[in-house]
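Visitor:
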Amino acid sequence: MKKLLMPALIAVIIIQLLTPICMIANKYHILRTGEEFMFRVSPVDPYDAFRGRFVALNARQNVRGAGRYGVIDVDPDGFAFISRITDERPAFGAYVKSGSRSWFTLPIDRYYMEDRLAPRAELRAWRREPREEAYVTVRVRNGELIISGLFIDGIAIEDILRNE
Numbered sequence: 092m093k094k095l096l097m098p099a100l101i102a103v104i105i106i107q108l109l110t111p112i113c114m115i116a117n118k119y120h121i122l123r124t125g126e127e128f129m130f131r132v133s134p135v136d137p138y139d140a141f142r143g144r145f146v147a148l149n150a151r152q153n154v155r156g157a158g159r160y161g162v163i164d165v166d167p168d169g170f171a172f173i174s175r176i177t178d179e180r181p182a183f184g185a186y187v188k189s190g191s192r193s194w195f196t197l198p199i200d201r202y203y204m205e206d207r208l209a210p211r212a213e214l215r216a217w218r219r220e221p222r223e224e225a226y227v228t229v230r231v232r233n234g235e236l237i238i239s240g241l242f243i244d245g246i247a248i249e250d251i252l253r254n255e
């Protein structure tokens with residue numbers, strides 16, 4: 092019995108170490124190899140004691156409905172949108188899995204950034220000129236979506252705040 096205890100303990104430790112490493116590696120793989128899209132958003136800044144500061148995002152999408160997958164299309168201005176929702180995994184083209192199992196929700200809801208910059212980012216986003224466009228760039232691969240940047244009028248929010 093004692094001979095099995097040590098190998099079992101080592102196996103559990105290895106599994107516990109490999110799980111987050113594999114999850115992080117998957118996210119970086121999506122960031123490096125995923126197809127890039129821009130989605131229009133309306134940013135707001137909440138604070139969550141458990142998750143820290145982040146800029147909450149409201150993706151401006153008109154498509155609603157039941158379904159697990161949203162097919163991504165691009166408008167003439169170069170911004171992405173969900174053109175249709177389906178329960179079947181699309182055979183070709185870019186698509187994203189829903190954030191919900193029963194109702195399609197675009198999984199663009201928060202952008203994490205440095206704690207000291209997040210409150211200023213919200214203020215800058217709300218006092219932007221009406222002609223300035225707020226959008227996020229995302230990387231999509233095999234239905235998974237990772238937000239890679241938040242931009243206001245083509246400039247990364249971090250660069251805007253550092254130069255103010």
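Residues in the sequence shown are numbered consecutively from 92, following the working numbering.
Beta carbons are placed, not taken as given, at the ideal position from N, Cα and C, and that holds for glycine.
Computed from a prediction, not measured in an experiment: that's the story for all the values here.
Which one of 166, 115, 133, 112 has the shortest CA to CA distance from residue 223?
Guide: The candidate whose alpha carbon is nearest that of residue 223 is 133.
Visitor: Got a sec? Which residues, its chain only, sit under 8 Å from residue 157 by beta carbon, not counting five neighbours each side?
Guide: Contacts found: 176, 178, 193, 194, 195.
Visitor: Taking DSSP as the reference, what is the three-state secondary structure of residue 204?
Guide: DSSP places residue 204 in coil when its eight states are reduced to three.
Visitor: Within the chosen definition, does the segment 195-213 reach the segment 100-116 through at least 3 CB pairs nearer than 8 Å?
Guide: As far as the Cβ criterion goes, the segment 195-213 does not touch the segment 100-116, which means the pair count is below three.
Visitor: Would you identify the three-state DSSP class for residue 199, choosing helix, strand or coil?
Guide: DSSP places residue 199 in coil when its eight states are reduced to three.
Visitor: Residue 209 by DSSP, collapsed to three states: which one?
Guide: Reduced to three states, the DSSP call for residue 209 is helix.
Visitor: Output the distance between the C-alpha atoms of residue 104 and residue 94, rounded to the nearest integer angstrom.
Guide: Distance between the alpha carbons of residue 104 and residue 94: 17 Å.
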